[in-house]
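Colleague:
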Amino acid sequence: MAQIRLDNLRHSYMRAPKSDADWALKRLDVVWDDGGAYALLGPSGCGKSTLLNIISGLVRPSEGRVLFGDTDVTDLPPDRRNIAQVFQFPVIYDTMTVHDNLAFPLRNRGVEARHVETRVGEIASMLELTDLLDRRAAGLTPDLKQKLSLGRGLVRDDVNVIMFDEPLTVIDPHLKWRLRSKLKELHYNVRVTMIYVTHDQTEALTFADRVVVMEEGEVVQIGTPVELFERPQHTFVGHFIGSPGMNVLPCEVRDGAAFVGGERITTEGPAKAPAGANRLEVGVRPEHVQIANEGVPAEVVNVADAGRYRVVDARIGDIRINALMSENDTIAAGPTRLSIDPAHTRLYADGWLVDTRQGTEP
Amino acid sequence: MSGKTDNQRAWFLVLPVVLLVAFNALVPLMTVVNYSVQETFGNNIFFWHGVGWFQDLLRSERFHAALGRQLLFTFTILLIEVPLGVAIALCMPKKGIWVSVCLVLMALPLLVPWNVVGAMWNIFALPDIGLLGWSLNTLGFEYNMTQQPLSAWITLVVMDVWHWTSLVALLAYAGLIAIPEAYYQAAKIDGAKAWAVFRYIQLPKLGRVLTIALLLRFMDSFMIYTEPFVLTGGGPGNATTLLSIDLVKIALGQFDLGPAAAMSIIYFLITLAICWVFYTLMTRNEAR
Amino acid sequence: MRARLPTVALILYIVFLMLPIYWLVAMSFKTTNEILGGFTLFPQVWTLENYLTILTDPTWYWGYINSIIYVTLNTVLAIAVALPAAYAFSRYRFLGDKHLFFWLLTNRMAPPAVFALPFFQLYSAIGLFDTHIAVALAHCLFNIPLAVWILEGFMSGVPKELDETAYVDGYSFPHFFTRIFLPNISSGVGVAAFFCFMFSWVEMLLAKTLTAVEAKPIVATMTRTASTAGYDLGLLAAAGVLTIIPGAIVIYFVRNYIARGFALGRV
Chain U
1144 MAQIRLDNLR HSYMRAPKSD ADWALKRLDV VWDDGGAYAL LGPSGCGKST LLNIISGLVR
1204 PSEGRVLFGD TDVTDLPPDR RNIAQVFQFP VIYDTMTVHD NLAFPLRNRG VEARHVETRV
1264 GEIASMLELT DLLDRRAAGL TPDLKQKLSL GRGLVRDDVN VIMFDEPLTV IDPHLKWRLR
1324 SKLKELHYNV RVTMIYVTHD QTEALTFADR VVVMEEGEVV QIGTPVELFE RPQHTFVGHF
1384 IGSPGMNVLP CEVRDGAAFV GGERITTEGP AKAPAGANRL EVGVRPEHVQ IANEGVPAEV
1444 VNVADAGRYR VVDARIGDIR INALMSENDT IAAGPTRLSI DPAHTRLYAD GWLVDTRQGT
1504 EP
Chain C
3 MSGKTDNQRA WFLVLPVVLL VAFNALVPLM TVVNYSVQET FGNNIFFWHG VGWFQDLLRS
63 ERFHAALGRQ LLFTFTILLI EVPLGVAIAL CMPKKGIWVS VCLVLMALPL LVPWNVVGAM
123 WNIFALPDIG LLGWSLNTLG FEYNMTQQPL SAWITLVVMD VWHWTSLVAL LAYAGLIAIP
183 EAYYQAAKID GAKAWAVFRY IQLPKLGRVL TIALLLRFMD SFMIYTEPFV LTGGGPGNAT
243 TLLSIDLVKI ALGQFDLGPA AAMSIIYFLI TLAICWVFYT LMTRNEAR
Chain G
203 MRARLPTVAL ILYIVFLMLP IYWLVAMSFK TTNEILGGFT LFPQVWTLEN YLTILTDPTW
263 YWGYINSIIY VTLNTVLAIA VALPAAYAFS RYRFLGDKHL FFWLLTNRMA PPAVFALPFF
323 QLYSAIGLFD THIAVALAHC LFNIPLAVWI LEGFMSGVPK ELDETAYVDG YSFPHFFTRI
383 FLPNISSGVG VAAFFCFMFS WVEMLLAKTL TAVEAKPIVA TMTRTASTAG YDLGLLAAAG
443 VLTIIPGAIV IYFVRNYIAR GFALGRV
């Protein structure tokens, strides 16, 4: 077991990449601590599968190194990296029994029969597969198949990292939740590094201690679920995480404040535009926008019921803003005022967070 | 596929097929059955003969010998063509321009008319002026297809391997490229060697297409007529007289309609029975 | 490069496939004297005489035209009737559907040798003996079941929602079938047509039995040459080469569908 370091990694599937768009991964440096539960979150096509395959050794990066502890494994094939992977669609050996499926990775490595039996027994009971050991694997349901392919990773005691590539895609919705909590419990018990790739924020935020958000071949933020929610480093993270996503409003900055549609909005600390910034935006989560007696004048266009709360669709001038209100509030369409919590209002320049907190200014 | 709906009017869609095939299948079959139970002395005068022809046939050594040769031939070529076809499919590239080249070249023998296959191999195997025959004899092998039964048999089998192995290979190839990449990746991660990948991933996934291949190859080799007829004419002697060659000899050569018809029926029934077993196995696998 | 052994094996196999064809082509360019004179690896004197004979003698080239006529007829006929039937098998349950399907397949298993004589009598009785339509109809015996089988495989791969949406949108069945459904399974139709063409083109026993003069196929013309005109090997070889060409052209057109096609759409 070891820390995993991606050092100056770049990858392109083309032989001679020219423009920026030719790179599937645009240069990343990421450190995955030993024993952590990570999620790799991003929309499809953002490069997360490429990154996964680079860690597992199925793809060799165009540039940069992959380090497991102190060992450079960039050129090692998957079977010599001590990794395990659970794929999107369950991969099991149809003709074997559940028992033989679990024993397969060990037998391939020449582990002695007695030890194989012990390990298979342990893992089967951990995954609640003991009763099925003699069944043919082909007949299992998709969720059991995914458990089984996870088991093939867990059974080896030398595994550095277990990777999950959208593992719940084919699982029935009502079983997803159960499998997810089982995974969390397993991580707690075995303490192996796990990297969970998904485009679903709920899966990512419930599973991971730390989430790596990717977009267009770049890591935009690494943080705990709370950090991602509270302080998105990039408007993309703000949009992508949360439902509905963060309000991102184009603004001007003067006199230490932001102006949206001509209305003054106070940000966390005095707003100051970095030199040379082209696009300035204010970001605030709908959770921190409230309809109130005083504040920014706005017009309510629509109110949608979303279970325990209501999503208010309002306009400041012609700029759209969402507010979240409790289901008990009565809200009428028409002119109103919005109170926007300054402590949770961030300034973004060209998409990236501008740190306006007091005392952190240079 | 689940979710089929009950619809008796679907019969109207099937009707043209049923009529056309029935016209071609039932009328001739009736004729054959009719002949098989009668005796004739020419001039279209027929007498009831009951199951006489069947009894004669089942006791006849000539029929036993032809059936034996037929089974020997069919099993020999299945034993060679199925493993060889799978091996060739495994050797084929998965992408790139060479795939099309391989596919086109391999499919070529399948589109050669069957009597041309026979003629081609006849010319190829002529002991004095054929490339194969001349080469073998120059290398010091005693080879003469028209004189030695063994030479004739080997030529017949090699010809069929030439003609049909590609069918098995193409089917297996289609099955192989349908295996998702994740299986190979998982196997790599699990540390599986090439043999284990073949045994536990490729072979099981090929099960379905291999049954189709086996079924097609069984049917066609069991019914084979034209190629051996043109190649050896059933000779030397009766060495390569397979069932269908014998049948045509009796029916068209000697015009013994009764025995020929009885033989046709038994022949058809054997094919049907073996194919039924295959078909049951196949659909059962599908259901699982 | 790694993986050398498989490549070598593959090349050896393809050489094995090409050798007899090469020999046929080589023979077709040799003069009769050279052929009978002894073994030569390459034609010493190249001659086009064999090909000229075939292309100028009506009994020869009509053989080709006859073959092409009945093969085309058969392919069109088989596909036309197999399409609705395959649709029925892939979409509906009806009385006796499974038995009917198996019965159809059994006809693919009927040895042509069994049917040769009864076919001769049947088609003579209805006055179709020695016509192209007779051969085309007879070949339906094994081509229709095959076409139904292949098309059913491809059609089952098309989601049923497609049909339902179209009906909800108010399409009539024929309109839906030709405008929406067929384009979706066009590769399946191509593959089925390829197989029908192939089996009709290569079959000889029935084609020969059902024709005498007017519709005599090229394959039958060839047997006549082999037996009566003595052993004119060069001519036979040239005729053989010419029968391979249509097949090669057809393969070239379907080359991108071959792999899927040979799995009958069922992989």
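Chains as they are written, first to last, in this note's numbering: chain U, 1144 to 1505; chain C, 3 to 290; chain G, 203 to 469. We treat Cβ as the ideally placed atom computed from N, Cα and C, and that holds for glycine.
With distances taken Cα to Cα, identify the nearest neighbour of C:Q10 among G:S230, G:V278, G:T258 and G:R295.
Modeller: The shortest C-alpha separation from C:Q10 is found at G:R295.
Colleague: What whole-angstrom Cβ distance do U:L1481 and U:G1426 have, given they're in contact under 8 Å?
Modeller: Not confirmed; about 15 Å, so no contact.
Colleague: DSSP on U:H1342, reduced to helix/strand/coil?
Modeller: The answer is coil: DSSP assigns U:H1342 none of H, G, I, E or B.
Colleague: With a threshold of 9 Å between beta carbons, is U:T1499 in contact with chain C?
Modeller: Not closer than 9 Å to any Cβ of chain C, the Cβ of U:T1499 fails to qualify, so no.
Colleague: What does a CB cutoff of less than 8 Å around U:M1357 pick up in its chain, not counting 5 residues either side in sequence?
Modeller: Hits under 8 Å: L1183, L1184, G1185, C1189, G1190, K1191, L1194 and V1363.
Colleague: Tell me the DSSP secondary structure of U:L1210 in three-state form.
Modeller: Strand at U:L1210.
Colleague: Find out if the Cβ-Cβ distance for the pair G:Y289, C:L212 is shorter than 9 Å.
Modeller: Cβ atoms of G:Y289 and C:L212: not closer than 9 Å.
Colleague: Grouping DSSP H, G and I as helix and E and B as strand, with all else coil, what is U:R1148?
Modeller: Correct three-state label for U:R1148: strand.
Colleague: Hey, is G:L324's beta-carbon within less than 9 Å of any beta-carbon in chain C?
Modeller: Taking Cβ atoms only, chain C reaches closer than 9 Å to G:L324, which makes this a yes.
Colleague: Figure out for me which residue from G:L319, G:L324, G:P448 and G:R206 has the closest Cα to the Cα of G:S269.
Modeller: For the residues G:L319, G:L324, G:P448 and G:R206, the minimum Cα distance to G:S269 belongs to G:P448.
Colleague: Using Cβ-Cβ distances below 8 Å, what residues of the region 1207–1237 of chain U are close to chain C?
Modeller: Answer set for the region 1207–1237 of chain U: P1220, P1221, D1222, I1226, A1227, Q1228, F1230, Q1231, F1232, V1234, Y1236 and D1237.
Colleague: Take C:M108 as the anchor and find which of G:L212, G:I346, G:F455 and G:W351 has the nearest alpha-carbon.
Modeller: Of the listed residues, the one whose Cα sits closest to C:M108 is G:L212.
Colleague: Assign G:I216 to one of three DSSP states: helix, strand, or coil.
Modeller: Three-state DSSP puts G:I216 in a helix.
Colleague: Starting from U:I1365, trace the alpha helix (DSSP H) both ways and give me its first and last residue.
Modeller: It is not in any alpha helix (DSSP H) - U:I1365 instead sits in the beta strand (DSSP E) that spans E1361 to G1366.
Colleague: So, is G:V316 buried or exposed, given that buried needs 16 or more other C-beta atoms within 10 angstroms?
Modeller: Label assigned to G:V316: buried.
Colleague: What do you get for G:E405, buried or exposed, if any count of 16 or more other CB atoms within 10 angstroms of its CB means buried?
Modeller: Looking at its Cβ environment, which holds 16 or more other Cβ atoms inside 10 Å, G:E405 is buried.
Colleague: Buried or exposed for G:Y369, please, with buried defined as at least 16 other CB atoms from any protein chain shown within 10 angstroms of its CB.
Modeller: G:Y369 should be labelled exposed.
Colleague: Does the pairing of the region 103–118 of chain C with the region 221–229 of chain C give three or more beta-carbon distances under 8 Å?
Modeller: Enough Cβ pairs lie closer than 8 Å, so yes.
Colleague: Output yes if chain G places a C-beta closer than 9 Å to the C-beta of C:Y281; else output no.
Modeller: Cβ-Cβ to chain G under 9 Å: yes for C:Y281.
Colleague: Can you list, in chain order, the residues of its chain with a C-beta nearer than 8 Å to that of U:N1196? Leave out the 5 residues immediately preceding and following it.
Modeller: For U:N1196, where only same-chain residues beyond five positions count, the Cβ hits under 8 Å are V1202.
Colleague: Please confirm whether C:G132 has its beta-carbon closer than 9 Å to some beta-carbon of chain G.
Modeller: Chain G, which has a Cβ nearer than 9 Å to the Cβ of C:G132, makes this yes.
Colleague: Between which residues of its own chain and C:A264 is the CB-CB distance below 7 Å, once the five residues before and five after are set aside?
Modeller: Around C:A264: S38, W55, F56 and L59.
Colleague: Check the Cβ-Cβ distances between C:S38 and every residue of chain G, and say whether any is below 9 Å.
Modeller: Not one chain G Cβ lies under 9 Å of C:S38.
Colleague: For U:Q1289, does the count of other Cβ atoms within 10 angstroms reach 16, so buried, or fall short, so exposed?
Modeller: The residue is buried, with at least 16 neighbouring Cβ atoms inside 10 Å.
Colleague: Starting from C:W164 and walking both ways along the alpha helix (DSSP H), at which residues does that stretch end?
Modeller: That run of the alpha helix (DSSP H) goes P151 to I179.
Colleague: Where do the ends of the beta strand (DSSP E) carrying U:L1169 lie?
Modeller: Before going on, a small fix: residue 1169 of chain U reads as Lys here, not Leu. That run of the beta strand (DSSP E) goes L1168 to W1175.
Colleague: Hey, out of U:I1314, U:V1340, U:V1298 and U:V1354, whose CA is closest to U:L1329's CA?
Modeller: Residue U:V1298 is the option with its Cα nearest to U:L1329.
Colleague: Report yes if the CB atom of U:R1208 is closer than 9 Å to the CB atom of U:D1215, and no otherwise.
Modeller: Cβ distance < 9 Å, so U:R1208 and U:D1215 count as in contact.
Colleague: Report buried or exposed for G:L343, applying the criterion of at least 16 other Cβ atoms within 10 angstroms of its Cβ.
Modeller: Classification of G:L343: buried, given that the 10 Å Cβ count is 16 or more.
Colleague: If the cut-off is 9 Å on Cβ atoms, which residues from the region 221–236 of chain G count as contacting chain C, listed in chain order?
Modeller: Flagged, chain order: L221, P222, I223, Y224, W225, L226, A228 and M229.
Colleague: What residues in its chain sit with their C-beta under 8 Å from that of G:E251, if we drop five residues either side in the sequence?
Modeller: Result list for G:E251: T233 and G436, in chain order.
Colleague: Which two residues bound the contiguous beta strand (DSSP E) that contains U:T1479?
Modeller: U:T1479 -> beta strand (DSSP E) spans G1477 to I1483.
Colleague: What in chain C is Cβ-close to U:F1247, meaning under 7 Å?
Modeller: Result: D192.
Colleague: Can C:L134 and G:L214 be called in contact, C-beta distance under 9 Å?
Modeller: For C:L134 and G:L214, no; Cβs fall outside 9 Å.
Colleague: Whole-angstrom Cβ separation of U:T1367 and U:R1353, contact assumed at under 8 Å?
Modeller: Yes, they are in contact, since the Cβ atoms of U:T1367 and U:R1353 sit about 6 Å apart, within 8 Å.
Colleague: Residues in the region 1446–1462 of chain U with C-beta within 8 Å of chain C's C-beta atoms, listed in sequence order?
Modeller: Against chain C - using a Cβ distance shorter than 8 Å - the region 1446–1462 of chain U contributes no residues.
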